[in-house]
Amino acid sequence: MHPFALSRAVDASMAIAGHADDPQLSFIAGGTDLLGLIKDRAALPERLLDINGLRGMAQIEALPDGGLRIGALARMSDVAADVEVRRRFPVIAEGLLFAASGQLRNMASIGGNIMQRTRCSYFRDGDDLPCNKRRPGTGCAALAGINRTHAIFGWSESCVATHPSDVAVAFAAMDANVIVRSRTGERSIPFTQFHRLPGDSPDRDNVLERGDLIVAVEVPARVEGRSSYYLKVRDRQSYEFALVSVAAGVATSARTITSVRLAMGGVAHKPWRLTAAESALRGVSLDDANVLRAAIATAFVEARPLPDNAFKVELAQRAVLRALETAGARA
Amino acid sequence: MSDQDETTVNEGVTGIPRREFLKRTTLVGGGLAVSQGLLNERSATTPKPSSIAMPGATGVTTTVRLNVNGRDHQLRLEPRTTLLDALRDGLGLTGTKKGCDRGECGACTVHIEGRRVLSCMTLAAMQDGKRITTIEGLERNGQLHAVQAAFVEHDGFQCGFCTSGQIMSGVAMIEEARAGWPSAATSDLSKKLGIADLSEVEIRERMSGNLCRCACYPNIVAAIAEATRKG
Numbered sequence: 000m001h002p003f004a005l006s007r008a009v010d011a012s013m014a015i016a017g018h019a020d021d022p023q024l025s026f027i028a029g030g031t032d033l034l035g036l037i038k039d040r041a042a043l044p045e046r047l048l049d050i051n052g053l054r055g056m057a058q059i060e061a062l063p064d065g066g067l068r069i070g071a072l073a074r075m076s077d078v079a080a081d082v083e084v085r086r087r088f089p090v091i092a093e094g095l096l097f098a099a100s101g102q103l104r105n106m107a108s109i110g111g112n113i114m115q116r117t118r119c120s121y122f123r124d125g126d127d128l129p130c131n132k133r134r135p136g137t138g139c140a141a142l143a144g145i146n147r148t149h150a151i152f153g154w155s156e157s158c159v160a161t162h163p164s165d166v167a168v169a170f171a172a173m174d175a176n177v178i179v180r181s182r183t184g185e186r187s188i189p190f191t192q193f194h195r196l197p198g199d200s201p202d203r204d205n206v207l208e209r210g211d212l213i214v215a216v217e218v219p220a221r222v223e224g225r226s227s228y229y230l231k232v233r234d235r236q237s238y239e240f241a242l243v244s245v246a247a248g249v250a251t252s253a254r255t256i257t258s259v260r261l262a263m264g265g266v267a268h269k270p271w272r273l274t275a276a277e278s279a280l281r282g283v284s285l286d287d288a289n290v291l292r293a294a295i296a297t298a299f300v301e302a303r304p305l306p307d308n309a310f311k312v313e314l315a316q317r318a319v320l321r322a323l324e325t326a327g328a329r330a
Numbered sequence: 000m001s002d003q004d005e006t007t008v009n010e011g012v013t014g015i016p017r018r019e020f021l022k023r024t025t026l027v028g029g030g031l032a033v034s035q036g037l038l039n040e041r042s043a044t045t046p047k048p049s050s051i052a053m054p055g056a057t058g059v060t061t062t063v064r065l066n067v068n069g070r071d072h073q074l075r076l077e078p079r080t081t082l083l084d085a086l087r088d089g090l091g092l093t094g095t096k097k098g099c100d101r102g103e104c105g106a107c108t109v110h111i112e113g114r115r116v117l118s119c120m121t122l123a124a125m126q127d128g129k130r131i132t133t134i135e136g137l138e139r140n141g142q143l144h145a146v147q148a149a150f151v152e153h154d155g156f157q158c159g160f161c162t163s164g165q166i167m168s169g170v171a172m173i174e175e176a177r178a179g180w181p182s183a184a185t186s187d188l189s190k191k192l193g194i195a196d197l198s199e200v201e202i203r204e205r206m207s208g209n210l211c212r213c214a215c216y217p218n219i220v221a222a223i224a225e226a227t228r229k230g
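Top to bottom, those sequences are chains E and X.
Residue 83 in numbering that gives the first Met the number 0 sits at position 84 of the first sequence; the count goes up by one each step and never skips.
Residue 153 in numbering that gives the first Met the number 0 sits at position 154 of the second sequence; the count goes up by one each step and never skips.
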């Protein structure tokens, strides 16, 4: 493994200042993505700053208004096992439980989970093939290569990769906010604006700047939270990244949808909200599958599949319908 | 990461097996005192921590204290040394296996503070002061742990390379279920879960992070199910 220096942060302000001033420094928490990137030479930091000792960043708080505040250092397994997370937002608990393995969930932090980088094999597998995310300006091997697992929405000629996180899809559906601290104070970034589309700079996954530290993810109280569900479709039943996934939350009155939130994983460079479908589904009965299907289809007008992944357009719409019906059965 | 990173350059010219070579270089290479407990974990009685220097290529090292299977150790190692390499190449605890070295196979599973983790995906220096359990630390007074005994009983392995990881994962997974943790196979997340809910489907889902190239899965599941029943 590429050699690096390692130090331990005891104070958030000092960690932030150190990160701001040192372009060769990376924070490390669980390490389950970063160490893989270093081993694959997709990241070559000279210095790692271990932030696991920072105080007050691992709590999972059930807020009095019905929302949640999840510390950035909370582990995936602890969040998934939390009784209030399970009760208020099953979609978040499921998004975590359907990801990785028991061992990795015990290690990986929430902040690190939403920071994890794409599983595109051209990005992960070495310097032999072009990858604008790994080495800006070299091109995208996946565009004309093997792109079965890649994006159908929002991609550019520069990059067709997808974001691998599951719980990020649930956070996007539930309008969570990423709480970020920097030298100038704390700010709240709406989850749907946290990750970027690739555009001309796919090396940047999200809007964070040097000197930014994620301290928490806050989930506002949501009427759709309790009747929510995470559906993940993948090549094997467990321990695999999504081909497509759906986070769905629905509120109903006598089986008619009064409000719905839908986001997808495995289809874009970021968690993909289906806002057109959300509007079209309002007022539709959960028992009217044909109308549901037509409403869902409105979000797929802009789908642009790649040569190997046209199947995702149909698969995704079916997955949305199933997720919506399952969430609806919980209402 | 290749093994070469943490070994010395004269490997292969001495004519002794790699594992023995590593143990010997660990003993003498660093020029530091090493306790007699290194090669005989079970008979150790001295409370004095063993002090071990791992050979490295960069010359930049840090000191880490680990309590492994009830014994304190002090290691000097490069910051990039994974916990897996520290256990195997530093402490000679080769029961923990290096499979993929990428967090994909589960062969390197150990417990940190009682939780199952992948030792290939964490740095030894990040676990300073922590209590680690490896496959070598499961037995008590010569008696196999219930999960170990069940693996023997149910023939839960063929080549055996994944077995220590399977067993370490299984032991901790049973504790997770005892603590009421749900899994992706749990249909009702609002329900309180207990050890009695560990169905075959639940065991398969919870053990999915441990791959077995010989595909001994039916026997592994049977072994864990029996150990769960015997509690």
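Note that CB positions come from ideal geometry on N, CA and C, so glycine has one too.
Cut-off 7 Å between Cβ atoms - residues of its own chain near residue i, not counting five sequence neighbours on either side
i                           : result
proline 219 of chain E      : Gly66 and Asp174
phenylalanine 97 of chain E : Asp165, Tyr229 and Lys231
valine 159 of chain E       : Cys139, Ala141, Leu142, Asn146, His149, Ala150 and Leu305
threonine 57 of chain X     : Glu77
glycine 164 of chain X      : Lys96, Gly105, Ala106, Cys107, Thr108 and Asn209
Any chain E beta carbon closer than 7 Å to residue i
i                        : result
serine 163 of chain X    : no
glutamate 174 of chain X : no
threonine 60 of chain X  : no
leucine 188 of chain X   : yes
leucine 137 of chain X   : no
leucine 74 of chain X    : no
alanine 183 of chain X   : yes
proline 54 of chain X    : no
proline 48 of chain X    : no
threonine 57 of chain X  : yes
glutamate 152 of chain X : no
arginine 64 of chain X   : no
Cross-strand partners of residue i (DSSP beta bridge)
i                         : result
alanine 52 of chain X     : X:Arg75
serine 227 of chain E     : E:Gly248
arginine 68 of chain E    : E:Glu60 and E:Glu217
asparagine 205 of chain E : E:His194
cysteine 130 of chain E   : E:Cys139
valine 232 of chain E     : E:Val243
leucine 122 of chain X    : X:Thr81
glycine 184 of chain E    : E:Ser181
histidine 1 of chain E    : Histidine 1 of chain E is not bridged to any residue.
alanine 142 of chain X    : Checking the displayed sequence, the identity of residue 142 of chain X turns out to be glutamine instead of alanine. In the DSSP output, where bridge partners are listed per residue, glutamine 142 of chain X has X:Arg139.
C-beta neighbour in chain X for residue i, strict 7 Å
i                       : result
aspartate 49 of chain E : yes
methionine 0 of chain E : yes
tyrosine 238 of chain E : yes
alanine 14 of chain E   : no
leucine 5 of chain E    : yes
alanine 73 of chain E   : no
alanine 8 of chain E    : no
alanine 80 of chain E   : yes
Spatial neighbours of residue i in its chain, beta-carbon cut-off 8 Å, leaving aside the 5 residues before and after
i                      : result
leucine 143 of chain X : Leu137 and Val151
alanine 55 of chain E  : The question names alanine, but residue 55 of chain E in the sequence shown is glycine. Here the set comprises Gly70.
Local Cβ density within 10 Å of residue i, reported as buried at 16 or more and exposed below that
i                            : result
leucine 43 of chain E        : exposed
glutamine 23 of chain E      : exposed
alanine 92 of chain E        : buried
valine 319 of chain E        : buried
glutamine 102 of chain E     : buried
phenylalanine 153 of chain E : Residue 153 of chain E is actually glycine in this sequence, not phenylalanine. That one is buried.
arginine 235 of chain E      : exposed
arginine 87 of chain X       : buried
serine 118 of chain X        : buried
histidine 194 of chain E     : buried
valine 9 of chain E          : exposed
histidine 1 of chain E       : exposed
asparagine 308 of chain E    : buried
glutamate 313 of chain E     : exposed
serine 189 of chain X        : exposed
phenylalanine 122 of chain E : buried
methionine 263 of chain E    : buried
Beta-carbon proximity list for residue i, same chain, < 6 Å, skipping 5 on both sides
i                       : result
glycine 29 of chain E   : Met106, Ala107, Ser108 and Gly111
threonine 31 of chain E : Leu103, Met106 and Ala107
Contact list for the segment 18–38 of chain E against chain X, Cβ threshold 7 Å: Listed in chain order, the positions of the segment 18–38 of chain E with a beta carbon within less than 7 Å of a beta carbon of chain X are Gly30, Thr31, Leu34, Gly35 and Lys38.
Chain X contacts from the segment 86–114 of chain E (Cβ-Cβ distance under 8 Å): Answer in chain order: Arg86, Pro89, Ala92, Glu93, Leu96, Phe97, Ala99, Ser100, Gly101, Gln102, Leu103, Asn105 and Met106.
Cβ-based contacts, 8 Å cut-off: residues of the segment 85–107 of chain X near chain E: So the list reads Asp100, Arg101, Gly102 and Gly105, given in the order they occur along the chain.
Within 9 Å of chain E by C-beta, residues of the segment 113–132 of chain X in sequence order: Those would be Arg114, Arg115, Val116, Leu117, Cys119, Met120, Thr121, Leu122, Ala124, Met125 and Asp127, in chain order.
Short-range partners of chain E found in the segment 206–221 of chain X, where Cβ spacing is below 9 Å: Listed in sequence order: Met206, Ser207, Gly208, Asn209 and Leu210.
Residues in the segment 250–281 of chain E having any Cβ partner in chain X nearer than 7 Å: Hits within the stretch: zero.
Contact set between the segment 192–206 of chain X and chain E, restricted to residues whose Cβ is under 7 Å from the partner: Flagged, chain order: Glu204 and Arg205.
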